[in-house]
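Remarks on the structure that follows.
Protein chains: 2
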Amino acid sequence: MNEKMIKTAIMGFGTVGSGVYEIIRDKSFAGETGDEIEVKYILDIRDFDDDEIKPMLTKNFEDILNDDEVNIAAEVMGGLHPAYEFTKQLLEKGKSVVTSNKELVATYGRELLETAQKNNALYMFEASVGGGIPVIRPMTVCTKANNITAIAGILNGTTNYILNEMFKKGKDFNDALADAQAKGYAEKNPAADIEGHDACRKLAILSSMAWGKVVNYNDIPTSGITDISLRDVAYVEKLSSVIKLIGYAMMNDEGKVYASVSPMIVPGENILSDVNGVFNAVMIRGNYLGDLVFYGKGAGKLPTASAVVADILDCSRHIGAKKHNIIWEETDEKIIADANEQTMTFLVRCRDNAQNIEKVFGDIEFVPVYDDETAFLVKDIKRGRLNAGLEKINGVIHALGVLDIR
Amino acid sequence: MNEKMIKTAIMGFGTVGSGVYEIIRDKSFAGETGDEIEVKYILDIRDFDDDEIKPMLTKNFEDILNDDEVNIAAEVMGGLHPAYEFTKQLLEKGKSVVTSNKELVATYGRELLETAQKNNALYMFEASVGGGIPVIRPMTVCTKANNITAIAGILNGTTNYILNEMFKKGKDFNDALADAQAKGYAEKNPAADIEGHDACRKLAILSSMAWGKVVNYNDIPTSGITDISLRDVAYVEKLSSVIKLIGYAMMNDEGKVYASVSPMIVPGENILSDVNGVFNAVMIRGNYLGDLVFYGKGAGKLPTASAVVADILDCSRHIGAKKHNIIWEETDEKIIADANEQTMTFLVRCRDNAQNIEKVFGDIEFVPVYDDETAFLVKDIKRGRLNAGLEKINGVIHALGVLDIR
Chain A
75 MNEKMIKTAI MGFGTVGSGV YEIIRDKSFA GETGDEIEVK YILDIRDFDD
125 DEIKPMLTKN FEDILNDDEV NIAAEVMGGL HPAYEFTKQL LEKGKSVVTS
175 NKELVATYGR ELLETAQKNN ALYMFEASVG GGIPVIRPMT VCTKANNITA
225 IAGILNGTTN YILNEMFKKG KDFNDALADA QAKGYAEKNP AADIEGHDAC
275 RKLAILSSMA WGKVVNYNDI PTSGITDISL RDVAYVEKLS SVIKLIGYAM
325 MNDEGKVYAS VSPMIVPGEN ILSDVNGVFN AVMIRGNYLG DLVFYGKGAG
375 KLPTASAVVA DILDCSRHIG AKKHNIIWEE TDEKIIADAN EQTMTFLVRC
425 RDNAQNIEKV FGDIEFVPVY DDETAFLVKD IKRGRLNAGL EKINGVIHAL
475 GVLDIR
Chain B
75 MNEKMIKTAI MGFGTVGSGV YEIIRDKSFA GETGDEIEVK YILDIRDFDD
125 DEIKPMLTKN FEDILNDDEV NIAAEVMGGL HPAYEFTKQL LEKGKSVVTS
175 NKELVATYGR ELLETAQKNN ALYMFEASVG GGIPVIRPMT VCTKANNITA
225 IAGILNGTTN YILNEMFKKG KDFNDALADA QAKGYAEKNP AADIEGHDAC
275 RKLAILSSMA WGKVVNYNDI PTSGITDISL RDVAYVEKLS SVIKLIGYAM
325 MNDEGKVYAS VSPMIVPGEN ILSDVNGVFN AVMIRGNYLG DLVFYGKGAG
375 KLPTASAVVA DILDCSRHIG AKKHNIIWEE TDEKIIADAN EQTMTFLVRC
425 RDNAQNIEKV FGDIEFVPVY DDETAFLVKD IKRGRLNAGL EKINGVIHAL
475 GVLDIR
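Okay, structure coming up:
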C-alpha cells in the first residue's frame with residue numbers, strides 16, 4: 075500500500091469543527107486506509123487562545139485555496155455565505171470538500187456537485203442529514219440497484235425530544251421546549267427546529283438523492299410542532315399511536331413526488347414510533363429491498379464530526395475518481411406533486427357537532443375524549459377534499475395525517 | 075463520463091442468482107454509474123429450459139475464468155466447495171467477486187480478501203449479512219472514524235418470525251416453526267436457523283469487520299431457540315420484554331471480545347425489541363457515533379439480490395482500486411474473551427425452593443408466574459459465577475441473559 079499523508083483544512087472551528095479536529099488528532103487511520111490524515115489549517119475569523127491549534131489557525135481562506143498540499147477541506151462553518159463561495163472556489167481548483175452544512179447542500183447542492191464533477195473533485199455531505207447516521211452513503215448504493223418509492227424520516231432530534239417528553243412525561247409543549255433548551259438540545263432561538271425548516275432541508279437532500287433530480291425545499295409544504303398540545307397527545311394515545319415530526323416523500327404513479335414535513339400520527343406498530351429522545355431515523359422503501367431503516371444519533375458534536383471524518387477518508391481514497399460523485403439533474407418540470415391529490419387518513423379536531431360533521435364527510439369514526447370539542451378520523455381522503463370539507467365545518471382546530479406508506 | 079459495458083458472470087442460478095439476473099435485466103444503470111452491466115455467463119450444473127437465459131448458460135467454470143471480458147463475477151451458489159475454489163481462481167486472475175455466501179466469507183474470508191488485495195481485485199459480501207440491508211458497507215465506513223465497542227443483532231429472520239409468533243399469537247415453538255415452514259420462511263430442515271448457526275456465521279463476519287481481525291465462528295458460544303417455551307414468554311412479558319435470538323459481541327477493557335449467539339431477553343425500551351416478523355436489525359456502537367441501528371429485510375430473493383447487484387456496481391467503479399478492500403488480520407492470540415468473565419443479568423427458571431436459591435445467590439428478585447417452578451433474576455453476575463451457583467440449585471430449567479449493552 076502506498077501510504078501517504080493527506081493534508082486537510084477545517085473551515086469553521088465551532089462544535090462540529092472542533093470535533094473533527096479531535097477525532098483526527100486522536101485516531102490513527104493509517105492501518106485502515108493506508109493514509110495518515112493531518113490537519114494543516116483551521117480557518118476561523120475568531121481568535122482562539124489555544125497553543126495546540128495556534129500553528130494551524132488562519133483567518134485567510136486564500137492560505138487554503140492556494141496550498142497545493144491541501145487536497146481535502148471540511149466545510150463545517152454553516153450558513154450560505156461565505157460557505158458557498160469557499161466551497162465553489164475549492165472545487166474549481168480540484169480540491170474535494172466534505173460538509174455538514176445542510177442549508178448549503180439543499181440550496182446549492184446541484185451546482186456544487188456539478189462543479190466537483192467538472193474538476194475531478196468530490197463533494198460529500200454524509201453529515202448534513204442524520205448527523206452521524208450513515209444514510210447518504212447507503213442511499214447512494216441502494217438507489218443504484220433499486221428504485222426508491224418512498225422516504226419517511228424523523229430528521230430532527232430537537233422536535234423528537236420535545237414530542238417524546240410530551241408523550242412520555244405529560245409535559246406541555248412550552249415546558250418540553252424549555253427542558254430541551256436547558257439540556258442543550260434546542261437552541262435559544264428554536265424556530266429552525268420547531269417550525270420544521272431544518273427537517274425540510276434534510277428531506278430536500280434525501281429526495282434529491284433518491285430521485286436524482288433537484289428537489290427545491292421551498293416547494294415542500296412544511297409545518298412544525300408548535301401547535302401540538304397535550305390534547306393531541308390524549309387523542310393519539312387512544313389510537314395506540316404517537317406523534318412524530320415526519321419528513322415524508324413518496325413517488326406517485328405519474329413519477330411526481332408527494333412531499334411534506336409535518337407532525338404526523340405514527341401507529342405503534344410502525345418502527346418509527348419507537349424512535350425516542352433526540353434520536354433520528356430514516357426509512358427508505360426500495361422496489362426490491364422493501365423497507366430499510368437507519369437509526370442513530372442525528373446530531374451532536376462527535377457523531378456529526380465522525381461522519382465528516384468518514385467523508386474525508388472516503389475522499390482520500392478516491393482523489394481524482396470523479397465517478398464517485400452523485401449527480402442531481404436540474405429539471406424544468408416540477409417534481410413535487412400537488413399535495414391536494416394525495417390520499418391519506420386524517421384525525422380532525424373541531425368544535426362542531428357530530429351531525430354537521432357527518433353531513434360533510436359521511437362515514438367517519440369519532441374519537442371521543444373531551445366534552446368541549448369533537449375529534450374524528452376521516453379515512454383515505456384526498457387532502458384537497460379534506461380541506462374543502464373543513465371549510466364547511468365550524469371551529470376547526472387542526473387535522474393531523476396518519477403515516478401509512480403504501 | 076466514459077461509459078463502458080461491464081460484463082459479469084452469475085455463478086449459481088438459484089433463488090438469489092435468478093434475482094440478480096432479473097434486476098440486471100430490468101434496471102438500467104447507465105445513468106448512475108456510467109457503466110452498463112451485462113450478464114455474459116450463468117454458471118449452473120443444472121439444465122434450464124428457458125430460452126431467455128440459454129445463450130448465457132454454461133456448466134464450465136473455465137469459460138468464465140478464461141474470458142478476459144469478464145471482470146466481475148457474482149458467487150451466489152452457496153456452500154464451501156466449489157465456491158471457494160472458483161472464487162480463489164477468479165481473484166488470482168484479478169477478477170473481482172461479489173457474494174451472498176456467508177459460510178464462505180466466515181470460513182475463508184481473510185484468505186480471499188488477501189488474495190483479492192494481492193491481485194488488484196475486490197472481494198465484496200454485502201449480501202452475506204442482513205440480506206438487502208446495507209450493513210457491511212456503512213460498517214466499513216463507520217469503523218474508519220470510530221472504534222466499534224459493541225454489536226448486537228437480530229441476524230436471522232426465521233427465528234425472529236418464530237419468536238414473534240410465540241409472543242404475539244401465543245403459538246408454541248413447534249406450531250410457530252410449522253407455520254414458518256408453511257410460509258416458506260423456514261426450510262424443511264431448519265437446524266441451521268433454529269440452532270443459531272446461521273446467525274453465528276453472520277456475527278463472525280460482523281465482528282471481523284468491526285475489529286479487523288479474524289473471528290472464528292467456532293469460537294463463538296452458540297445456542298438456538300429450540301428450548302424456548304410459552305412459559306418463557308409468560309415470564310418475559312411480565313418483565314415488559316421480549317425474547318430475541320441475539321448475536322452479540324462486545325470489546326472488553328483488555329481488547330478481547332465477548333461474543334455469543336443466544337436467545338436473550340430484550341427490554342421493551344430497546345429498539346431491537348420492536349423488530350418483528352422476518353425483519354433483521356443490527357445495532358453497532360461506536361465510540362463517537364453512539365448507537366446505530368440498520369433495519370430491514372434480512373433475506374428473500376430480491377432484497378438479497380439487490381445487495382449483490384449493488385456490490386457489482388461498486389466493483390465496476392473501483393476496478394483496480396485495491397485500496398477499497400477490507401483487511402482482516404490473522405492473529406495467533408485468541409480475540410474471543412472467556413465468556414465466564416462477562417457480567418450480565420440473568421433470568422433463571424428452576425424447580426428449587428426460594429430459601430435454597432437465596433442461600434446460593436443472596437439478594438435476588440423473584441418473578442412469580444407458575445406454582446410448579448421458581449423463576450428469579452440475578453443481577454450483574456459473571457456468567458462463570460452464575461454457572462457455579464446453578465450447580466448447587468435443584469432442577470434448573472435454563473437461564474436467559476438480559477441484553478443491556480453498557
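Residue numbers (our numbering), protein chains in the order written: chain A, 75 to 480; chain B, 75 to 480. Where a beta carbon is used, it is the ideal one built from N, C-alpha and C, also for glycine.
Between residue 367 of chain A and residue 356 of chain A, the CB-CB gap stays under 8 angstroms. Against residue 406 of chain B, chain A offers no close residue; the least beta-carbon distance is about 18 angstroms (beta-carbon pairs closer than 7 angstroms).
Residues of the same chain with a CB within less than 6 angstroms of the CB of residue 359 of chain B, apart from the 5 flanking positions on each side, are 223, 224, 365 in chain order. Taking a Cβ-Cβ threshold of 8 angstroms, the residues of chain B close to residue 384 of chain A are 215, 216, 218, 219, in chain order. Apart from the 5 residues on each side of it in sequence, residue 201 of chain B sits with its Cβ closer than 6 angstroms to the Cβ of 174, 378, 381, 382 in its chain, given in chain order. Residue 373 of chain A and residue 305 of chain B have their C-alpha atoms some 42 angstroms from each other. Note: residue 131 of chain A is bridge-paired with A:116 in the DSSP secondary-structure output. Interface criterion not met: the Cβ of residue 225 of chain A is under 8 angstroms from no Cβ in chain B.
Residue 421 of chain A has its alpha-carbon roughly 11 angstroms from the corresponding atom of residue 470 of chain A.
Secondary structure note for residue 391 of chain B: its alpha helix (DSSP H) is the uninterrupted segment 375-391.
Think of a sphere of 9 angstroms around the beta carbon of residue 369 of chain A: the chain B residues whose beta carbon falls inside it are 345, 355, 357, 365, 366, 367, 368, 369, in chain order. Looking at A:97, A:198, A:323, the one whose alpha-carbon comes closest to that of residue 409 of chain A is A:323. Sixteen is the threshold: since fewer than 16 other Cβ atoms of the shown chains lie within 10 Å of the Cβ of residue 99 of chain B, the residue is exposed.
With a cutoff of 8 angstroms on beta-carbon distance, residue 231 of chain A and residue 354 of chain A are scored as near each other. Within chain B, the residues placing a beta-carbon under 7 angstroms from that of residue 212 of chain A are 208, 211, 212, ordered along the chain.
DSSP, reduced to helix, strand and coil, places residue 238 of chain B within a helical segment of the structure shown. Leaving aside the five residues that flank residue 352 of chain A on each side, the residues in its chain whose CB is nearer than 6 angstroms to its CB run, in chain order, 231, 235, 259. Between the alpha carbons of residue 221 of chain B and residue 130 of chain A lies a distance of about 26 angstroms. At a cut-off of 8 angstroms between beta carbons, residue 379 of chain A contacts chain B.
Non-local beta-carbon contacts of residue 144 of chain B in its own chain, meaning distances under 8 angstroms to residues more than five positions away in sequence, involve 81, 82, 83, 114, 115, 138, 169 in chain order. Pairing residue 405 of chain A with residue 331 of chain A gives a Cβ-Cβ distance that is not under 8 angstroms. As DSSP reads the structure, residue 171 of chain B sits in a beta bridge with B:147, B:197.
In the three-state reduction of the DSSP assignment, residue 229 of chain A falls in the coil class. The beta-carbon of residue 348 of chain B is placed less than 8 angstroms from the nearest beta-carbon of chain A. The three-state secondary structure of residue 219 of chain B, taken from DSSP, is helix. Nearest neighbour of residue 342 of chain B by Cα position, chosen from B:183, B:478, B:216, B:122, turns out to be B:478.
In the structure shown, residue 458 of chain A falls within a helical segment according to DSSP collapsed to helix, strand and coil. With fewer than 16 other CB atoms across the displayed protein chains lying within 10 angstroms of its CB, residue 257 of chain B is exposed. Using a 10 angstroms sphere on the CB of residue 387 of chain A, the tally of other CB atoms reaches 16 or more, which defines it as buried. Put simply, the CB of residue 360 of chain A is near chain B, with a gap under 8 angstroms to one of its CB atoms.
Taking 8 angstroms as the cut-off, the Cβ atoms of residue 136 of chain A and residue 154 of chain A do not count as close. Counting along the chain, residue 353 of chain B sits inside the beta strand (DSSP E) bounded by residues 353-360. Residue environment for residue 191 of chain B: buried (at least 16 other C-beta atoms within 10 angstroms of its C-beta).
Residue 164 of chain B is outside the set of residues whose beta carbon lies under 8 angstroms from a beta carbon in chain A. Where residue 271 of chain A is concerned, the enclosing alpha helix (DSSP H) starts and stops at 271-285.
The beta carbon of residue 472 of chain B sits closer than 7 angstroms to the beta carbons of 301, 423 from its chain, once the five residues preceding and following it are set aside; these are given in chain order.
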